[in-house]
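Read through the structure below, which is laid out as structure tokens, and then see the notes.
Numbering (my numbering), first residue to last: 26 to 218.
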């Protein structure tokens, strides 16, 4: 085979003459696509592949059980749901807000600009603790902010801190008590002027 051309909806989107063949398709929008490939050999004979259905989506950030695998979020606003039911506490992990939680869920966020960032777990199904740190090793984190209860009537957490543009923050959601776990509703907001 001398060349393979790749089509989407009858439009040529790329070609390759190397072996193995590959396609780099840039500026692709979220959606459903049907791709096909047409191969032409050195004598000019062509063959068309069967259609291939491709779905392009956005990766959804996820909480992680351990610090090293923490989920990454970005931007000014994030709304994430998950659960920490099977999560555990790591050796050397700080006690978030000096509580005894044992089911920590981790995220990492880099501030896109400086400003007051607010994070909450309102809507979570258990008594949460929220903590924000800087650092890259779970046993050597520096606490920036933490919260046990948003107010006297809520057992979910809310905190605010002064975020610094370009600085990466490590965020932990845990339970107030040793066996507090369940569904997490997480919201981060940094006003975008």
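For every residue, glycine included, the Cβ atom is placed at its ideal position computed from N, Cα and C.
Could you check the C-alpha separation between residue i and residue j for me, to the nearest Å?
i, j, result
"residue 28", "residue 46", "9 Å"
"residue 44", "residue 62", "15 Å"
"residue 142", "residue 88", "19 Å"
"residue 48", "residue 185", "45 Å"
"residue 188", "residue 30", "48 Å"
"residue 140", "residue 102", "13 Å"
"residue 105", "residue 39", "36 Å"
"residue 180", "residue 151", "7 Å"
"residue 32", "residue 67", "20 Å"
Following the continuous beta strand (DSSP E) through residue i, name the residue where it begins and the one where it ends.
i, result
"residue 6", "This structure does not reach residue 6, given that the chain is present from 26 up to 218, and the question cannot be answered."
"residue 134", "130-135"
"residue 200", "193-200"
"residue 167", "167-172"
"residue 32", "28-33"
"residue 143", "140-145"
"residue 214", "208-214"
"residue 38", "36-41"
"residue 154", "153-159"
So, under 8 Å CB-CB, residue i and residue j are touching, yes? Tell me the CB distance rounded to an integer number of Å.
i, j, result
"residue 92", "residue 131", "5 Å"
"residue 168", "residue 175", "So it is not a contact: roughly 18 Å between Cβ atoms."
"residue 199", "residue 129", "4 Å"
"residue 191", "residue 136", "7 Å"
"residue 207", "residue 108", "6 Å"
On the DSSP bridge list, what partners appear for residue i?
i, result
"residue 98", "134"
"residue 63", "30, 73"
"residue 185", "143"
Please say whether residue j and residue i have beta carbons closer to each other than 8 Å?
i, j, result
"residue 209", "residue 146", "yes"
"residue 223", "residue 197", "Nothing can be reported for residue 223: it is not among the residues displayed for the chain, which extend from 26 to 218."
"residue 162", "residue 122", "no"
"residue 90", "residue 124", "no"
"residue 59", "residue 86", "no"
"residue 110", "residue 203", "no"
"residue 159", "residue 194", "yes"
"residue 80", "residue 57", "yes"
"residue 166", "residue 216", "no"
"residue 144", "residue 73", "no"
"residue 164", "residue 100", "no"
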